[in-house]
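Data block below; observations after.
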Amino acid sequence: MERHYNFREIESKWQQKWAADEIYKVREETDKPKYYVLEMFPYPSGNLHMGHVRNYSIGDVVARFKHMQGYNVLHPMGWDSFGLPAENAAIKHGVFPRDWTLSNIDNMRSQLQSLGLSYDWDREVATCLPEYYKWTQWLFLQLYKHGLAYKKHAAVNWCPSCATVLANEQVVDGHCERCDAVVEKKDLDQWFFKITDYAQRLLDDLEKLPGWPEKVKTMQHNWIGRSEGVEAMFKTEAGDELPVFTTRVDTIFGVTYMVLAPEHPLVAKLTKGTEYEEPVAEFTRKVQQLSNIDRTSGNLEKEGMFIGAYAINPVNGVKVPIWITNYVLMDYGTGAVMGVPSHDERDFDFAHKYNLPIIRVIAKDVNSADEPLEEAYTELGVLVNSGQFDGLANKPDAINAIADWLEAEGKGKKVINYRLRDWLISRQRYWGAPIPMVYCEKCGMQPVPEEELPILLPTDVEFLPFGESPLKTSPTFGQTTCPCCGGPATREMDTMDTFMCSSWYYMRYCDAHNDQQPWDKAKTDYWMAVDQYIGGVEHAILHLMYSRFFTKAMYDFGLIGVEEPFTNLLTQGMVLKDGTKMSKSLGNVVSPEEIIDKYGADTARLFILFAAPPERDLEWNDAAVEGCYRFLNRIWKLVLSIYEAGYQNRELTAADADLRRTVHLTLKKVTADIADRFNFNTAISAMMELVNAMTAYRDAEGEAANAAVLLDAAEKLLIMLSPFAPHITDELWQLTNHAGTVYDTAWPAYNEDYLQQAEVEIAVQVNGKLKARITIPTGLDKAAAEAHVRALPDFAKWLGDKQAAKIIIVPDKLVNIVAK
RNA sequence: GCGGACGUGGCGGAAUUGGCAGACGCACCAGACUUAGGAUCUGGCGAGCAAUCGUGAGGGUUCAAGUCCCUCCGUCCGCACCA
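For reference, each letter of the first sequence is one residue, going 3 to 822 in my numbering.
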């Protein structure tokens, strides 16, 4: 028999056997309850990194554990395979994006397979293949038909380095999320999805997700940015309507000026032909030249200028000057803000700088109405200088009263504003799903008929290091006929944001090869929602919000039966080396291939699960990897030695019962750690303790060791370890005369009776300080436990000249003497 | 500025409901086996000679606090002129 733990042979042997026996293939027809485990699919960059290993090791433990617990588990894998890197490779190395991507996929697939993950590879999807993007296009058409996809001319985020537009979510601190270039604003016709129609539901339904981390929900909550307020209808002197959104309508009598975003359409209109036209245009140009970072960073010096026009306050008819500034944003609210310096810090600063009047409209009490203001008064109080509303308490009373009055007078209405913007989905790039629309001179914009899908990406394109989308270099792609009139028409040249592709892949896995529809609803009815989703927190907003939106839209179209795609979400921490993220530029990258080659997949998986709980960042430590390797070697030798020793059964001794108790305690803990807490690190340490206990028992009992107890311990150890290190456990399973794979073995239940013990060690404290540990019979009542403690020889010494005022007893745990 | 998470030995971390702080592992030290050891096994390992003291600092509640409350400091993350 092979004595040495030869992980290379063992791992490749079992990987082949699992594949040949199709043990991970999953079907819908079964009486078992379903469980859908999903890890975020990777972008096929070409190589697996440690973050992937961590993500997929976590998911694999959950999938294997649930399977062994009797669930019908769906655990698929695929590729988020559209995206810019493939195009950059095409420019740099002259290799075609499709070829580059597919060969990366092949490479990464075999890397994944070398980890021994329990995927049903028959359900593999790649978003860049026509069989997949045909349905991405089809889903686009459904959104279009339901009015959720529209084209609009807008100032959009432009990344000059990626030469494409970005969604708001992809702009981080004014920089491109991908390449870190400074994002510019550009006026372009672009495709949007109306995610804002779903803002309220996306917000409300966060409450239906108790299985999501609070942190992620908070981030989405803030991103949606709901704010309740009033749109008050100011007018210009000339009668133009100038609506203003405010959350502080209670301060409306304190308005002393009006500020507009420089891009506000009224600005040009009001200044046209006046002496202000030129300086205002100049100011506007200056503001627009500021990059997004400068414009939105809080420390920008507030600047503004009067534009020569006035607005009329709807509550009191007061005429106030209209200004433009560099801090009012056109795309929030109405692009116009009422200036109330008395009760808003920003307005106070602005008014100070430009000597604008300040009128107090809130005070501590009615007698302090004219107390001068050293700074903006933002505390609660009562309304003053506010006409018929004087004396009302703010905020709720005053806000409601004024809002009601404005509504009654037809001068305003209560509105809800969201920070969330519509999702910009068009990209001026080649390697994405073409947007299935055509433009006809006669009939205008037309959707491509569904039966003509997919609109295939052309291959007669050129990849140049600058300028426009490579799609435009195709001599054939652009020309088509109008589905309406049959006349000549041109195709939409933009492709879709890759987040569109990843917003529905979890549904495709349910029915991965359907060529009639994106999925059969019966199948998604069975599998959806994903019971456990696992991935990095960097997707907290982008992917997770888009997927939620998408699912809700599909639900509304009757295509899917759930409103939320992911019931439980686990966001794993990063893998660090030397305290920072692994990166090529820092030269601190540890490659999974290297580790697997040196120690094997089981060791790699075990270490990455042992080193930290999954949600926390994990510091890579080569020496600790070695420790996990040693642990597997110890198990290897221990289990084989037990099976080869030829132990006999015997009457259960105290030592036997102790070991059996440890086995069942471990089983209880490992089960709870995996199922309830995802604390794989403590599950592994419990198994280490079990191995230590088994080794000590074997060495102490020698040939007399109880065969039944020890063999049962070894068997349960292999079962518990199998989700973490499936290769070594299957090999030992086989070497110890078991049939099949541990994967198909039921997860055992622990036996409560075996946890009992005759005696316990309890702590004896005086005033909470530990004085001694004593062993007493289990389950003693308080009086008996107290008697034990009072009988201790040191009892009087501990008390000194004090009295035992009280004795606190926690049964089977501790006795605390309160000495006074 | 606002919101959130976190702070425990030399290191990663454990302590799940307020009940024996430091499980498990790494590193280190000593020993065994050995021609040899970067293999394996055994033992030790928070500080202090000790009484004792110790979970970022200070205060509080409690018989009992890493855990609960208050104040502060630090680290990380998210949002940030949102009207």
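Every residue gets a Cβ at the ideal spot worked out from N, C-alpha and C, and that includes glycine. Computed from a predicted structure; not experimentally measured.
Residue i, DSSP secondary structure in three states
i, result
"TYR432", "coil"
"ARG362", "coil"
"ARG180", "coil"
"THR238", "strand"
"GLN805", "coil"
"PRO813", "coil"
"ASN90", "helix"
"CYS512", "helix"
"VAL342", "coil"
"MET3", "Below a pLDDT of 50, predicted positions are generally treated as unreliable, and MET3, at 43, falls in that range; the measurement from the model is reported next regardless. Coil."
"THR856", "In the structure as shown, the chain starts at 3 and stops at 822, and residue 856 therefore has no counterpart that could be examined."
Distance, residue j Cα to residue i Cα
i, j, result
"ARG362", "GLU239", "25 Å"
"ILE644", "ALA707", "10 Å"
"TRP521", "MET509", "7 Å"
"ALA514", "ILE637", "40 Å"
"TYR699", "TRP622", "34 Å"
"ILE401", "TYR58", "52 Å"
"VAL812", "GLN759", "17 Å"
"ASP182", "ASP496", "22 Å"
"HIS54", "TYR756", "40 Å"
"TYR146", "PHE479", "22 Å"
"PRO162", "GLY96", "22 Å"
"ASP189", "LEU331", "16 Å"
"THR684", "ILE610", "13 Å"
"PRO398", "SER229", "14 Å"
"GLU13", "ALA793", "60 Å"
"GLY589", "TYR45", "22 Å"
"ASN516", "PHE285", "57 Å"
"GLU566", "TRP506", "12 Å"
"ASN224", "ASP558", "25 Å"
"LYS815", "LEU117", "44 Å"
"ASN8", "THR103", "34 Å"
"ILE819", "ALA787", "12 Å"
"ASP701", "GLY629", "22 Å"
"PRO728", "THR461", "44 Å"
"ALA403", "VAL532", "47 Å"
For residue i, the residue or residues it bridges with in DSSP
i, result
"GLY191", "The sequence as given places Asp at residue 191; Gly does not occur at that position. Bridge partners of ASP191: HIS155."
"TYR37", "VAL75"
"PRO449", "MET439"
"MET498", "SER428"
"GLN767", "LEU772 and ASN818"
"SER229", "ASN419"
"THR166", "CYS161"
Integer Cβ distance of residue i from residue j, believed to fall under 8 Å
i, j, result
"ALA730", "LEU634", "Checking the sequence, you will find Ile at residue 730 rather than Ala. ILE730 to LEU634, Cβ: 6 Å. Contact."
"PHE247", "GLY306", "Not a contact, Cβ separation roughly 19 Å."
"GLY393", "VAL368", "6 Å"
"VAL463", "PRO449", "At roughly 24 Å, the Cβ-Cβ gap does not stay under 8 Å, so VAL463 and PRO449 are not in contact."
"ALA65", "VAL39", "4 Å"
"PHE236", "LEU244", "4 Å"
"TRP325", "TYR259", "6 Å"
"PHE465", "ALA156", "About 28 Å; that fails the 8 Å criterion."
"LEU86", "CYS164", "6 Å"
"PRO485", "GLN139", "Actually they do not touch by this definition, with Cβ atoms about 14 Å apart."
"GLY227", "VAL251", "Actually they are not in contact, since the Cβ atoms of GLY227 and VAL251 sit about 19 Å apart, beyond 8 Å."
"VAL817", "GLN767", "7 Å"
"VAL63", "PHE726", "6 Å"
"VAL665", "ASP714", "7 Å"
Selected residue, minimal CA-CA separation from residue i, among the options
i, options, result
"VAL744", "PHE195, ILE721 and LEU737", "ILE721"
"GLY489", "ILE457, VAL322, MET447 and MET495", "MET447"
"GLY275", "ALA311, CYS630 and ARG250", "ALA311"
"LYS579", "LEU544, ILE597, LEU620 and TYR601", "LEU620"
"VAL261", "GLY341, GLU540, THR483 and GLU209", "GLY341"
"LEU823", "ILE25, LEU119, SER344 and ASP82", "In the structure displayed, the chain extends from 3 to 822; residue 823 sits before or after that span and is not available."
"PHE43", "LEU358, ARG662 and TYR535", "TYR535"
"PRO2", "SER112, ASP675 and PHE84", "No statement about residue 2 is possible, as the shown extent of the chain runs from 3 to 822 and does not include it."
heavy atom of the ligand FMN below 6 Å from residue i C-beta
i, result
"MET340", "With respect to the ligand FMN, the structure shown offers nothing to examine, as it has no ligands at all."
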